[in-house]
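One structure is given here, and the rest of the page talks about it.
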Amino acid sequence: MRQVFSSPRLENVERVAQLLEEAGVQTRVTHGRSYRGGLRGNFSYREGADAKPVPAVWVVRSEDQPRARALLRELGLLDSTRGDTGYRLPTFRSEAAETPADAGRKRVFRMKLGLLAVIAIVLGMAWFSQLDDGGAPAPPAQATRVLAAGETATPDALAVAVLAGELPRSADEAVCLSVDGADPQPSLLAALPASPGPVIALSQCPAGTIPRLSIHAYRANAAGAGTITLERLEGAGATPVAETYEVSRGRDGGWRVIELL
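Per my numbering, the sequence shown runs over residues 20 to 280.
Given below as structure tokens:
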């Protein structure tokens with residue numbers, strides 16, 4: 020065994036032994052309580068050198084001695100600048116009283132550290148945000164409607180009439196749509212009859228084999244009559260097929276596809 024702590028006050032020795040036992044270090048206390056088990060209420064640090072033997076804590080296993088000394092040193096119960104017998108009791112006061120000026124400087128220092136931490140967090144978030152923005156693919160730009168000479172913007176009702184029979188017939192089908200070289204207006208998408216599969220704007224169309232429909236080149240020949248082109252592209256690499264139809268507007272305002280030209 021090896022002695023690691025001693026104190027004239029038995030309560031201190033018992034508390035140190037308890038701390039070491041809780042840390043898994045097997046200890047033994049010498050010169051502890053008498054068989055009566057009472058506390059030494061008449062204890063005084065001013066007792067002479069010929070007083071009773073001083074209670075002490077011993078480490079039973081020699082391999083636990085370094086760990087026990089380290090624990091005591093962390094708790095402030097062992098003065099590392101002294102020899103093996105250099106032990107001291109814990110103190111709850113600093114050597115010098117802290118002045119108001121010292122407290123103010125410490126408070127300012129802590130505020131500066133907190134401000135620097137906040138700045139570092141903000142800069143880090145901004146940096147990671149730039150990385151995310153740089154790595155994410157840019158959304159496809161929506162095409163601008165450009166009409167050739169003599170062409171007129173396609174009315175929604177006319178587009179609905181031309182698309183009759185072209186919309187998806189099952190939930191696993193989809194089509195991508197453009198009108199006059201741009202995405203269809205929300206009003207047109209809302210006017211289309213319900214279909215099991217989705218109708219996707221051209222700018223949002225994923226790459227693959229989804230068919231693409233393009234309505235364009237509406238030319239009004241006379242009041243309530245004209246021609247319009249429907250172009251189909253069955254998938255990537257396929258050859259587009261364009262068909263021009265004669266269309267007419269009835270007295271009720273509805274559009275009809277007359278024939279394929």
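From the three backbone atoms N, C-alpha and C, an ideal C-beta is built for every residue, glycine too.
Contact between the segment 241-252 and the segment 210-219 is absent: fewer than three C-beta pairs spanning the two stretches fall below 8 angstroms. For Q149 and L249, the gap between their C-alpha atoms comes out near 43 angstroms. Here P259 is exposed. Its C-beta has fewer than 16 other C-beta atoms within 10 Å. I277 is classed as exposed because its beta carbon has fewer than 16 other beta carbons within 10 Å across all chains shown. G227 sits away from Y237, with the two beta carbons spaced by 9 angstroms or more.
The continuous beta strand (DSSP E) containing R21 extends over residues 21-25.
Taken through DSSP and simplified to helix, strand or coil, V76 comes out as strand. A direct Cα-Cα distance of roughly 41 angstroms separates E33 from L132. For S206, the enclosing alpha helix (DSSP H) begins and ends at 205-210.
Taken through DSSP and simplified to helix, strand or coil, R270 comes out as coil. Counting along the chain, L196 sits inside the beta strand (DSSP E) bounded by residues 194-198. For L232, the enclosing beta strand (DSSP E) starts and ends at 231-241.
Between R251 and S267, the C-beta spacing is not below 9 angstroms.
In the DSSP annotation of this structure, the continuous segment of the beta strand (DSSP E) that includes A244 starts and ends at 244-252. Judged by DSSP in its simplified three-state form, E40 adopts helix.
Rounded to the nearest whole angstrom, the C-alpha separation of P230 and G254 is 5 angstroms. The Cβ-Cβ distance between S25 and V73 falls below 9 angstroms. Taken through DSSP and simplified to helix, strand or coil, A261 comes out as strand. Here L279 is exposed. Its C-beta has fewer than 16 other C-beta atoms within 10 Å. For the pair R52 and R28, the Cα-to-Cα distance works out to about 11 angstroms.
Per DSSP, reduced to three states, the secondary structure at A120 is helical. Judged by DSSP in its simplified three-state form, A201 adopts strand. Taking the Cα positions, G256 is about 43 angstroms away from M144. The closest CA to that of Q223, considering only A201, V35, A210, is found on A201. T49 has A75 as its beta-bridge partners, per DSSP.
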